[in-house]
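Novice: Structure below; questions to follow.
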Amino acid sequence: MKKNLMMIAIAVAIAVVAAGATAFVVTRAGNSAGAVAAKAPRLPIDAQARYVSLDKLIVMLRSTEGSTRPRYVVMDLVFSATDAKREKQVKEHLPVLRATAYSVLSERTAAEIQRMGPIELAAMLNKEYEHGYGGADRTPFDKVLVTKVMMD
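With the numbering used here applied, the sequence shown corresponds to residues 1444 to 1595, in that order.
This is the structure in structure tokens:
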């Protein structure tokens, strides 16, 4: 009988220690995740926006001195439009949007692209699109988002 009581007491003690350790880990992980989330830039999400994707933009990057092999970047872009009319315009303009992105990115080296994050890449592309269309109010979309970047 005392042996059973002793086993129950040990099991309860182990359960209490495990629960305490779990609470400690969860609390610490929650705080560090919050700190990381606070540092990461956030993009505003427009629930009414319509999105048009430009998939698999493959660009051969500018080579650097001493480079023996070509470097490529593969990107997926998404253009946001405020309504159905602008969404249709974006779809009609996809070839020129692809060509503009290609020409801008092909002037960059692999090192330059690697240093840029998706938000910086999107800002660079938005600037070039605004320049190409003659102003931000003349583009068929509101903004471009970079949804995937892969480099070889």
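We treat Cβ as the ideally placed atom computed from N, Cα and C, and that holds for glycine.
(1) Could you tell me the alpha carbon to alpha carbon distance between residue 1475 and residue 1575, rounded to whole angstroms?
(2) Residue 1591 and residue 1519: beta carbons closer than 7 Å?
(3) Under the rule that 16 or more other beta-carbon atoms within 10 Å means buried, what is residue 1479, buried or exposed?
(4) Would you check if there are 3 or more beta carbon pairs closer than 8 Å linking the stretch 1526-1540 to the stretch 1571-1589?
(5) CB-CB under 7 Å to residue 1384, same chain, minus the five flanking residues each way: which ones, in chain order?
(6) Please list, in chain order, all residues of the same chain as residue 1497 whose beta carbon is under 8 Å from its beta carbon, the five residues on each side excluded.
(7) Less than 7 Å between the C-beta atoms of residue 1524 and residue 1533, yes or no?
Specialist: In short:
(1) Locating residue 1475 in the sequence shown gives position 32, counting from the first residue. Locating residue 1575 in the sequence shown gives position 132, counting from the first residue. A caution first: residue 1475 carries a pLDDT of 48, below 50, which makes its placement in the model unreliable, though a value can still be read off. Residue 1475 and residue 1575: Cα-Cα distance of roughly 43 Å.
(2) For this step, residue 1591 is matched to residue 148 along the sequence shown. For this step, residue 1519 is matched to residue 76 along the sequence shown. Yes.
(3) Position 36 of the sequence shown, counted from the first residue, corresponds to residue 1479. Summary for residue 1479: the model assigns pLDDT 48, below 50, so the residue's position carries little reliability, and this model does not support an answer.
(4) yes
(5) Because the chain here runs from 1444 to 1595, residue 1384 falls outside it and cannot be looked at.
(6) As a working note, residue 1497 is residue 54 in the sequence shown. Excluding sequence neighbours, residue 1497 sits near 1519, 1520, 1521, 1522, 1537, 1540, 1541 and 1544.
(7) One-based indexing of the sequence shown puts residue 1524 at position 81. One-based indexing of the sequence shown puts residue 1533 at position 90. Cβ distance < 7 Å, so residue 1524 and residue 1533 count as in contact.
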